[in-house]
Amino acid sequence: SILTSSVTLISTSTNLVVSGLMTRFEMEPMGMFELAPVGVPIAIVGIAYMYFIGRRMIPDRTEARDLMADFGVRPYLSEIVILPKSPLIGKTLSEAGLGRDYDLTVVGVLRDKEKNLVPRSELELREGDVLMVHAVPDSLLKVKHATGIDIKADVKHPDPAGHSSEMRLVEVILPPKSALIGRTLRGYRFRERFGLQVLGLNRHGENIRGKLSQLPLRLGDVLLLQGPAANINTLQDDNTFRVLGMVGENRPARHRARRAILIFMGALALGSLKIVPFPVAVLLGSVGMFLSKCVTPEEAYREVEWKVVILIGCMLALGAAMEATGTAEYVAGKIVAVARDAGPVALLSGFFFLTIILTQPMSNQAAAVVVLPVAIETARQLGLNDRTFVMTVAVAASCSYLTPLEPSCLMVYGPGRYRFMDFLKVGSLLTILIYIIAILLIPRVWPLNKVGPKQADLPRGAPAAQIVPAN
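In our numbering, each residue's number is its place in the sequence shown (first place is 1) plus 362.
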């Protein structure tokens, strides 16, 4: 998904931020497909690299006997309790058919809260027995509708409202800066905060045994949660988790898909053909989605990454402050004084790698906002095309391949059983390839010697030294 981020204006929010900043510097905003001449080759080469080279650099950590893992279905260690008057009471594990009927693998039996019995096939089940089972989410969903057995969490903490039909299962992953990283579920008072039960914990593709409530959680841990649908919906607004997907959720309203596609294409056409400004086109598309009932305002509100919105707003203010106070111009002057003889291509390369480095500790949008004012001022002081530098920063800001801290990388980090070094090994060569493509194509698409609108006011032939601020 990151490889296609430089194809269109709306491929990533970073492009939208860059386009907004361009208007602040008296430049034409970025066109819908303006980046495509560079973005399409990057996507093609990147996909080919991952197919022929990148995937071979990552060790195969899948188990041949576990075909479900190949399809992204992770097993969990959960507890099933035998209820009073259960038809399984008095039957042996073999006769109970838990594996046959519910796809459960019994790995332990806890009786009378003390005896940990070996799950032999001839073991006779009793009322109150707690079975420790390996199960995938869909199998746990079957248990919810079975007679005589239930998930232990439900028995211990029944839904006070009695909405058993509204219970849902959901998988979530812990993103960077999650409040749960390094803390235990019990210490965080997870049950009291969210009204949800943790049924399983999967860490880099491996089940975590033991008391889940007492285990310190780590970045990338995948939790299987169960609870009322209303409580699960609140997770969308919480930065503690990133929701991977629902299990057994209602099917999407496919009968509205056609109208949603038509509205989206209409808004895209209005913005691309410049019939109306692109923000207006997007706003009209959103209103159309509401009026056609493709999405409710509440659902749309939950999907907004408010943390990113606030961050972008703050960083835009920082960019404006850098321009208003002359900071960007001053820093650009220092760069020009030092790197004047290096040539424009070397300057483009420097801004490219500077942006990539800054995307590691901060967000892509923040890195673009910090670098862009300096890059624009540097271009103008050298009499070069500022748009060439802008597009270089925009492409570089989307090259977050070196670490798994990019949100889209993080979502596959745990389920794919990747390691930090996997991203560094594969991402380093991929970054170099993208740099080569960008540095070859960007000056051709946006020539360096083309004068921008703000530069046209400068005296012809004026040396760069005349516009470097005095110390």
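Ideal placement from N, C-alpha and C gives every residue a C-beta, glycine not left out.
request  = For glutamate 486, collect the residues of the same chain with a Cβ closer than 6 angstroms to its Cβ; drop the 5 residues on either side in sequence, then sort them by chain order.
outcome  = One-based indexing of the sequence shown puts residue 486 at position 124. Apart from the 5 residues on each side of it in sequence, glutamate 486 sits with its Cβ closer than 6 angstroms to the Cβ of Thr454 in its chain, given in chain order.
query = Which whole-angstrom value is the C-beta distance of leucine 547 and valine 534, which I expect to be below 8 angstroms?
reply = Locating residue 547 in the sequence shown gives position 185, where the first residue counts as 1. Locating residue 534 in the sequence shown gives position 172, where the first residue counts as 1. With a Cβ gap of about 12 angstroms, leucine 547 and valine 534 do not count as contacting.
query = Within 10 angstroms of its Cβ, does serine 373 collect 16 or more other Cβ (buried), or is it exposed?
reply = Locating residue 373 in the sequence shown gives position 11, counting from the first residue. When all chains shown are included, serine 373 counts as buried.
query = For glutamine 722, which of helix, strand or coil comes out of DSSP?
reply = Taking the first residue of the sequence shown as position 1, residue 722 is located at position 360. The answer is coil: DSSP assigns glutamine 722 none of H, G, I, E or B.
Same chain, Cβ closer than 7 angstroms to isoleucine 543, five either side skipped, listed in chain order = For the purposes of this step, residue 543 is taken as residue 181 along the sequence shown, with counting starting at 1. So the qualifying residues of the chain are Leu536, Leu579, Arg580, Leu581.
message = Given a cut-off of 7 angstroms on the beta-carbon distance, is the pair serine 381 and isoleucine 404 in contact?
response = Along the sequence shown, one-based indexing puts residue 381 at 19. Along the sequence shown, one-based indexing puts residue 404 at 42. Not in contact: serine 381 and isoleucine 404 (Cβ atoms no closer than 7 angstroms).
query = Just how far apart, CA to CA, sit glycine 434 and alanine 701?
reply = Position 72 of the sequence shown, counted from the first residue, corresponds to residue 434. Position 339 of the sequence shown, counted from the first residue, corresponds to residue 701. Only weak support exists for where glycine 434 lies, its pLDDT of 44 falling under 50; the coordinates are left without a value.
request  = Just list the alpha helix (DSSP H) runs in the region 586-644, keeping only unbroken ones of 4 residues or longer that don't cross its boundaries, in chain order.
outcome  = Complete alpha helix (DSSP H) runs here, min 4: 591-595, 619-634.
task = Could you check how far apart the C-beta atoms of alanine 800 and valine 757 are, in whole angstroms? I think they sit under 8 angstroms.
result = Along the sequence shown, read from residue 1 onward, the residue named residue 800 stands at position 438. Along the sequence shown, read from residue 1 onward, the residue named residue 757 stands at position 395. Rounded, the Cβ-Cβ distance is 5 angstroms, consistent with contact.
key: DSSP-derived helix/strand/coil call for valine 532   = Walking along the sequence shown from the start, residue 532 turns up at place 170. The answer is strand: DSSP assigns valine 532 an E or B state.
key: asparagine 621 to valine 642 span [Cα, whole Å]   = As a working mapping, residue 621 is identified with position 259 in the sequence shown. As a working mapping, residue 642 is identified with position 280 in the sequence shown. For the record, residue 621 in the displayed sequence is arginine; it is not asparagine. Between arginine 621 and valine 642, the C-alpha separation is close to 20 angstroms.
ask   = Whose C-alpha, out of Glu489, Leu574, Arg473, is nearest the C-alpha of leucine 585?
value = Within the sequence shown, residue 585 is the residue found at index 223, counting from 1. With distances taken between Cα atoms, leucine 585 lies closest to Leu574.
message = Tell me whether the region 773-789 and the region 741-758 touch, counting them as touching only if at least three CB pairs, one residue from each stretch, are closer than 8 angstroms.
response = With a cut-off of 8 angstroms, the region 741-758 and the region 773-789 do not count as touching, because too few Cβ pairs lie within range.
inquiry  = Alpha carbons only, please: which of Asn811, Gln727, His507 is nearest the one belonging to cysteine 761?
reply    = Here residue 761 corresponds to residue number 399 of the sequence shown, with the count starting at 1. Of the listed residues, the one whose Cα sits closest to cysteine 761 is Gln727.
message = So for glutamate 441, helix, strand or coil by DSSP?
response = Along the sequence shown, read from residue 1 onward, the residue named residue 441 stands at position 79. Three-state DSSP puts glutamate 441 in a strand.
message = If I measure Cβ to Cβ from threonine 509 and keep anything under 6 angstroms in the same chain, skipping five residues before and after, which residues do I get?
response = Locating residue 509 in the sequence shown gives position 147, where the first residue counts as 1. Annotation for threonine 509: no residue places its beta carbon closer than 6 angstroms to its own, counting only its chain and skipping 5 residues before and after.
key: Cβ distance (whole Å) where leucine 493 is taken to contact glutamate 441 below 8 angstroms   = Translated into the one-based positions of the sequence shown, residue 493 becomes position 131. Translated into the one-based positions of the sequence shown, residue 441 becomes position 79. About 7 angstroms separates the two Cβ atoms, so the contact holds.
Enclosing alpha helix (DSSP H) for aspartate 512 [first to last residue] = Residue mapping note: residue 512 aligns to position 150 of the sequence shown, counting from 1. Premise fails: aspartate 512 lies in the beta strand (DSSP E), 511-513, not in any alpha helix (DSSP H).
message = Using C-beta distances below 6 angstroms, list every residue in its chain close to glutamate 685, excluding the 5 sequence neighbours before and after it, in chain order.
response = Here residue 685 corresponds to residue number 323 of the sequence shown, with the count starting at 1. Around glutamate 685: Pro735.
task = Specify, as a first and last residue, the run of the alpha helix (DSSP H) that glycine 562 falls within.
result = The residue you call residue 562 lines up with position 200 of the sequence shown. No alpha helix (DSSP H) contains glycine 562, which is instead part of the beta strand (DSSP E) from 559-565.
request  = Measure the CB-CB distance between cysteine 656 and arginine 618 and report whether it falls below 7 angstroms.
outcome  = One-based indexing of the sequence shown puts residue 656 at position 294. One-based indexing of the sequence shown puts residue 618 at position 256. Yes, the pair counts as a contact, with Cβ atoms nearer than the cut-off.
message = On a Cα-Cα basis, can you pick out the residue from Trp808, Asn811, Arg781 that is closest to aspartate 422?
response = Reading the sequence shown from its first residue, position 60 is the one you call residue 422. The alpha carbon of aspartate 422 has as its nearest neighbour, out of Trp808, Asn811, Arg781, the alpha carbon of Arg781.
Residues that methionine 470 bridges to, as DSSP identifies them = For the purposes of this step, residue 470 is identified with residue 108 of the sequence shown, where counting begins at 1. What sits at residue 470 in the sequence shown is glycine, not methionine. Answer is Met494.
task = Can you say whether serine 483 is buried or exposed, counting buried as having 16 or more other CB atoms within 10 angstroms of its CB?
result = Here residue 483 refers to the residue found at position 121 when the sequence shown is read from its first residue. Under this definition serine 483 is an exposed residue.
query = DSSP on threonine 687, reduced to helix/strand/coil?
reply = Position 325 of the sequence shown, counting from 1, holds the residue named residue 687. Looking at threonine 687 - three-state DSSP - the assignment turns out to be coil, as it is neither helix nor strand.
message = Since methionine 750 and tryptophan 808 should fall inside the 8 angstroms C-beta cutoff, what is the C-beta to C-beta distance between them, to a whole number of angstroms?
response = Along the sequence shown, read from residue 1 onward, the residue named residue 750 stands at position 388. Along the sequence shown, read from residue 1 onward, the residue named residue 808 stands at position 446. Position check: residue 750 holds threonine in this sequence, whereas methionine was assumed. Contact holds; Cβ gap of about 4 angstroms.
request  = Would you tell me roughly how many angstroms separate the C-alpha atoms of leucine 445 and aspartate 512, rounded to the nearest one?
outcome  = Position 83 of the sequence shown holds residue 445. Position 150 of the sequence shown holds residue 512. If you draw a straight line from the Cα of leucine 445 to the Cα of aspartate 512, it comes to about 7 angstroms.
message = Can you look up leucine 377 in the DSSP assignment and give me helix, strand or coil?
response = Indexing the sequence shown from 1 puts residue 377 at position 15. The question names leucine, but residue 377 in the sequence shown is asparagine. The DSSP-derived three-state label of asparagine 377 is helix.
key: Bounding residues of the alpha helix (DSSP H) (the contiguous stretch that carries glycine 582)   = Your numbering for residue 582 matches position 220 in the sequence shown. It is not in any alpha helix (DSSP H) - glycine 582 carries neither H nor E in the DSSP assignment.
Cα-Cα separation between tyrosine 464 and serine 501, rounded to whole angstroms = Mapped onto the sequence shown, residue 464 falls at position 102. Mapped onto the sequence shown, residue 501 falls at position 139. For tyrosine 464 and serine 501, the distance between alpha carbons rounds to 6 angstroms.
ask   = Alpha carbon to alpha carbon, how far is isoleucine 692 from leucine 803?
value = What you label residue 692 is simply residue 330 of the sequence shown in a count that begins at 1. What you label residue 803 is simply residue 441 of the sequence shown in a count that begins at 1. The sequence given here has tyrosine at residue 692, not isoleucine. For tyrosine 692 and leucine 803, the distance between alpha carbons rounds to 29 angstroms.
ask   = What are the start and end residues of the alpha helix (DSSP H) that includes serine 575?
value = As a first step, residue 575 is located in the sequence shown; it is residue number 213 there, counting from the start. If you look at serine 575, you'll find it isn't in any alpha helix (DSSP H); DSSP assigns it neither H nor E.
ask   = Should glycine 705 go down as buried or exposed, given a rule of 16 or more other Cβ atoms within 10 Å for buried?
value = Indexing the sequence shown from 1 puts residue 705 at position 343. Glycine 705 should be labelled exposed.
task = Give me the Cα-Cα distance between arginine 604 and valine 698, rounded to the nearest whole angstrom.
result = Counted from its first residue, the sequence shown places residue 604 at position 242. Counted from its first residue, the sequence shown places residue 698 at position 336. So the alpha carbons of these two residues sit roughly 43 angstroms apart.
Beta-carbon separation (whole angstroms), alanine 729 vs alanine 690, contact threshold 8 angstroms = For the purposes of this step, residue 729 is taken as the residue at position 367 of the sequence shown. For the purposes of this step, residue 690 is taken as the residue at position 328 of the sequence shown. Not confirmed; about 15 angstroms, so no contact.
message = Using a Cβ-Cβ cutoff of less than 8 angstroms, which residues in the same chain neighbour glycine 557 once the five nearest sequence positions on both sides are dropped?
response = Counted from its first residue, the sequence shown places residue 557 at position 195. If we look at glycine 557 and ignore the five residues flanking it on each side, its Cβ neighbours are Gly589, Pro590, Asn593.
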